[in-house]
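Peer 1:
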Amino acid sequence: MAWMIGWKQVLAAAIMSVSAVAVAPAQDEPAEASAIYLYQGADRDQRLLAGGRREGTLVLYTSLATTEAVPLIGAFERKYGVKVQLWRALSENILQRTIAEARARRHSVDVIETNSPEVEALAREGLIGEFSNPHVADLHPWALPPHRLWIGDRVDLRVAAFNTGKVRRDEIPATYEGFLDPAWKGRIAVEAADDEWLGAVMKYWGEDRGTAFVRRLAALKPDVRKGHVLIAQLVAVGEVTVALTAYSGNAESIKRKGGPVDWAPVEPLVGRLQAIALARQAPHPHAALLFADFLLSPEGMQLLQEMSRVPTSRAMPTPLDTTKYVLVDPAQPREEAVKWQRIWKELFLK
Amino acid sequence: MTIIATTAIFDSTRQRLEPQWIVIGVCIALVVWLALVPLAFLLWQSFLTPQTAAEPARFTLENYAAAYASGETARLLGNSLTFAVGAAALSFVLGTAFAWINERTNTAFKSLFLALALVPLVIPSVLFTVAWIFLASPKIGIVNLVLQSWTGSDAAFVDIYSLGGMIWVDGLHYSPMAFLLMTAAFRSMDPALEEAALMSGAGLLQVARRITFRLAWPAAVAALLILFVRAIESFEVPALLGLPAGIEVYTSAIYQAVNKYPSEVGLASAYAVVLLLITALCVYTQSRLSRHDTRFATVTGKGFRSRRVDIGRWRYLTAALFVLYFAVLVLLPFLVLLWSSLQKFYSVPSRAALATVGLDAYRNLLDHPGFAASVLNSALLSLGSATFVMLVTSVICWIVVRTRMPGRLLLDSLTSLPLAIPGLVLGLAVMVCYLKLDVGVYDTLWIMFIAYVTRFMPYGLRPTTTSMLQIHKELEESAAMSGASWATTFRRIVLPLIKPGLIAGWIYVVIVAVRELSSSILLYSPGTEVISITIWELWQNGQYVELSAAGVMLMSVLFCLVMLAQVAGRKFAIIEP
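So the protein lines, in turn, are chains V and B. Okay, so the first sequence: first residue is -8 according to our numbering, each after it adds one. Okay, so the second sequence: first residue is -5 according to our numbering, each after it adds one.
(1) Assign SER40 of chain B to buried or exposed, taking buried as 16 or more other Cβ atoms, counted over all protein chains shown, within 10 Å of its Cβ.
(2) When the Cα of ARG309 of chain B is compared with those of B:GLU531, B:PHE86, B:TRP94 and B:GLY260, which residue comes out closest?
(3) Counting only beta-carbon separations shorter than 8 Å, does TYR502 of chain B have a partner in chain V?
(4) Does PRO13 of chain B come within less than 8 Å of chain V when only Cβ atoms are used?
(5) Quick check: the Cα distance between PRO232 of chain B and GLY250 of chain V, rounded to an integer number of angstroms?
(6) Just to confirm the assignment, what range does the beta strand (DSSP E) spanning PHE153 of chain V have?
(7) Identify the contact partners of SER244 of chain V in chain B, using a Cβ-Cβ distance below 7 Å as the criterion.
(8) Going by DSSP, name the residue or residues bridged to TRP78 of chain V.
(9) Is any heavy atom in the ligand GTP found nearer than 7 Å to the beta carbon of ALA172 of chain B?
(10) Would you mind sorting GLY454 of chain B into buried or exposed? The rule is 16 or more other CB atoms within 10 Å of its CB.
(11) Going along the chain, which residues of its own chain have a beta-carbon closer than 7 Å to the beta-carbon of GLY47 of chain V, five neighbours each way excluded?
(12) Determine whether the Cβ of SER131 of chain B lies closer than 8 Å to any Cβ atom of chain V.
(13) Cβ closer than 9 Å: which chain B residues qualify as neighbours of VAL301 of chain V?
(14) Does ILE441 of chain B get closer than 8 Å to chain V when you measure Cβ to Cβ?
(15) Using C-beta distances below 8 Å, list every residue in its chain close to ALA3 of chain V, excluding the 5 sequence neighbours before and after it, in chain order.
(16) Distance, Cα to Cα, ALA210 of chain B vs SER519 of chain B?
(17) From LEU336 of chain B to VAL324 of chain B, what does the alpha carbon distance come to, in whole angstroms?
(18) Let me see if you follow: with CB-CB separation under 8 Å, is ASN253 of chain B close to chain D or not?
(19) Which residues in the same chain have their Cβ closer than 8 Å to the Cβ of PRO327 of chain B, if we skip the five residues on either side of it in sequence?
(20) Let's see if you can read the secondary structure: which residues bound the beta strand (DSSP E) around GLY262 of chain V?
(21) Can you name the start and end residues of the alpha helix (DSSP H) that THR90 of chain B belongs to?
(22) In this structure, does DSSP put THR372 of chain V in helix, strand or coil?
(23) Roughly how many angstroms separate the alpha carbons of GLN272 of chain V and ALA347 of chain B, rounded to a whole number?
(24) Could you give the first and the last residue of the continuous beta strand (DSSP E) run that contains ARG216 of chain V?
(25) Sort V:ARG44, V:PRO137, V:PHE285 and V:HIS277 by Cα distance to GLU23 of chain V and report the nearest one.
(26) Is the region 358 to 374 of chain B touching the region 513 to 531 of chain B, taking contact as three or more C-beta pairs under 8 Å?
(27) Verify whether the separation of the beta carbon atoms of VAL508 of chain B and MET451 of chain B is less than 8 Å.
(28) So, for LEU548 of chain B: in the same chain, excluding its five sequence neighbours on each side, which residues have a beta-carbon less than 7 Å away from its beta-carbon?
(29) Against chain B, which members of the region 45 to 68 of chain V pass a CB distance test of less than 9 Å?
(30) Would you call the CB atoms of VAL120 of chain B and ASN138 of chain B closer than 8 Å?
(31) Do the region 401 to 419 of chain B and the region 473 to 489 of chain B meet, that is, are 3 or more Cβ pairs less than 8 Å apart?
(32) Would you say THR232 of chain V and ASP185 of chain V are within 8 Å of each other, going by their C-beta atoms?
(33) Mapping DSSP to helix, strand and coil, what is PHE339 of chain B?
(34) Counting along the chain, where does the beta strand (DSSP E) carrying TYR167 of chain V start and finish?
(35) So with CB distances below 7 Å, who are the chain V contacts of GLY240 of chain B?
(36) Nearest to ILE220 of chain B by CA position, among B:GLU540, B:ARG449 and B:ALA481, is which residue?
In structure tokens form, the structure reads like this:
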């Protein structure tokens, strides 16, 4: 039957097109930007500005909230006259998109600013390039990885967020072990996917003390809520009295609106570095480097600080100055992450 | 007769290429292509290890071993099944009961029902779920607080963090879908049989049970299939309400696998295969039912007019039931959203909080960068993809139901399978495909259009198939006998007769396309933001009050649109008063 053949041909064509997907077409690639990124001559700044203006625009993938990314970008655009095209997503989606685009040799992104483990993954994929920066001396040393393929620009802090109607600030213990007091039973909560926090605490106190701590914490059966944003909201409403692992930024934004929320850094204060990286094959390399210069400059750091983020500049006062802290290892081996996930799940999600 | 009619078409092609062949061929090719992209990607990936720069992907069976050899999967799947069966059953019972009351009785205030029933569908799950936390959490739930102050006890009367709570919230949220599908089914059903039963002395409930619901059986199966698979795929409700109670479901495993580095898309795909099998099984069941395809056809060459029963005093009871349903489904969550949208941050309603109400949230929302553009993009995408989906699936469903074309069951399944593909995996598949296959859609609205059409095809196909089963083929045959061409018959006989199914599917796709997030999140680009992305932003930024304002606005706009459509478009079968 004529129809049968048509049907089969359609199917065959479809299968062929799908398998063709595996064979990527060769495309023109932009030259690697490393010469521009690493140029250190006296006229570096002039060359960048001229080049950036010529390029006119840059594409930024970031997980910084739009409430903060938009003012930051605005300041940059006003200063240099270079337009920023913003694509905002969660760090894992940024990673997925950047890798998929690179594998298809579609080079659209110039600057990536997101969670350091994801940026480190981009480094391992060979998608980002080392770049020079005039402000590195101002930064905390841990903001610079040995390979220098990215630079940390801010830190997300896990803090104790509490409802000010139910707890006084001076009741919050100085260390997390203080929460093991049975008086806290029924008043504390953790976020459902905080295995990373557990890993950092274990690293800080070492296997023995760390394990003892998490076991005793789990015995208090803290409430579990999914989503750091939600948990901060629930503190404000009073459903959760103290959230042990809230992000300071989420708590701070409710506090600034007058909500009954405050937060306190507790030892060990767990931080996760957020980093900026430049695409190795950026279509707008001058503009990209110009943006990195701006973000890491005192002006950029100051802007982050004003928007209640925690910049990595040593010149800015942050909770890191007063509380002993530990940072999540951006290059944490996979087996280790899996181990923390397993322990976390057994202790808190059952 | 159909056989003869279709054979006639087959015969004629041997001589020359008639226009219908182009239409049918293009539709099939399109559907097959659209469905195969994510499906092939999913199956292909499920046999591969994660790919990194250092280590290329290689063939493996480990994903399946990891996904199915552990008792963990059985536990998660068990939780998912319990939850999905419960939620689907609740949606179905509520939706069907109210569809029947709305279609078959003369209950008071009916003209408001459809508009009111639909509005909850437009709010994102995360917003609906959080609204229910604020209503029924043991500590701060308004319902609990009110009951406690009445009774003087401090017990938690309702606890949203439980399996029951999960089923309640999800089942309630999706009952409008059952309402839509079953309304369409009741509408394309000749009430002559019901009237005959009534004349013979059967009671109203007896008629409903023994005649109406039996005839609506294919529609019921289709509705249950969609509701069930969708509930299994649901993510927000289990995450927000289940995790605190230690109830973990299957989708969280899929979600975790995709969002790792290296991304374990293979493992997620292997997990998703069982969902595909469940869907395929349901499609097969439905096709078995429709094998004798005249059994459910009550709309024949004889005159047909859907009529209503006067249920006398009962009409006040049914109206009261309706009011109760809407109070719970629409009004309570709506009031919570309205309340929080007037605040600076959510707090339990009190006299003190009343002093701080204001419209800041609405102002902030309208000032949100790109808000107007995202509204336009969403409108284009949802109207465009819904119309396209309904046109293409009406042809597909005609092929499946009316012809004896070999492979039609495969076509039916293929079009339905995207239902079971997790949105994130579907988005990834579409992204990878059109990055490699450079036809200029990447970075444009078109790539999202493609993803939406793929994702929502099943929602177009199921209701139209049901409607088609209820139409006797003799109507088409008469047209053909009178010399009408295929195109004329299709346009003037088939489409108008399956209009209830078409409109139901169209409305549903328009609404859920506005909310679509999990595929859009990877596919949108600077400049092609949509409303769901803006809403997700608000949630990620912790702007809960602005988010509530968005919810209030979406619900209000949808309500007005449906009411307008009802007033203006009495010719649309499904929304006749």
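Each residue gets a CB set at the ideal place from its N, CA and C atoms; glycine is no exception.
Peer 2: By the coordinates alone:
(1) buried
(2) B:TRP94
(3) no
(4) no
(5) 28 Å
(6) 142 to 154
(7) GLY536
(8) V:TYR52
(9) This structure lacks the ligand GTP, and indeed carries no ligand of any kind.
(10) buried
(11) VAL73 and LYS74
(12) yes
(13) By Cβ distance, chain B contributes nothing, its closest Cβ being about 16 Å from VAL301 of chain V, past 9 Å.
(14) no
(15) Note that ALA3 of chain V scores a pLDDT of 47, beneath 50, so its modelled location is shaky; the value from the coordinates is reported in the next line. None.
(16) 44 Å
(17) 18 Å
(18) Of the chains in the structure shown, none is chain D; the protein chains are V and B.
(19) PRO114, ILE117, PHE122, ALA125, TRP126 and LEU129
(20) 260 to 270
(21) 65 to 98
(22) Look at the range of chain V in this structure, -8 to 341, and you will see that residue 372 of chain V is not part of it.
(23) 53 Å
(24) 214 to 216
(25) V:HIS277
(26) yes
(27) no
(28) VAL116 and ILE117
(29) VAL50, LEU51, SER54, ALA56, THR57, THR58, GLU59 and VAL61
(30) no
(31) no
(32) no
(33) coil
(34) Segment: none, TYR167 of chain V is in no beta strand (DSSP E) and carries neither H nor E.
(35) LEU340 and LYS341
(36) B:ARG449
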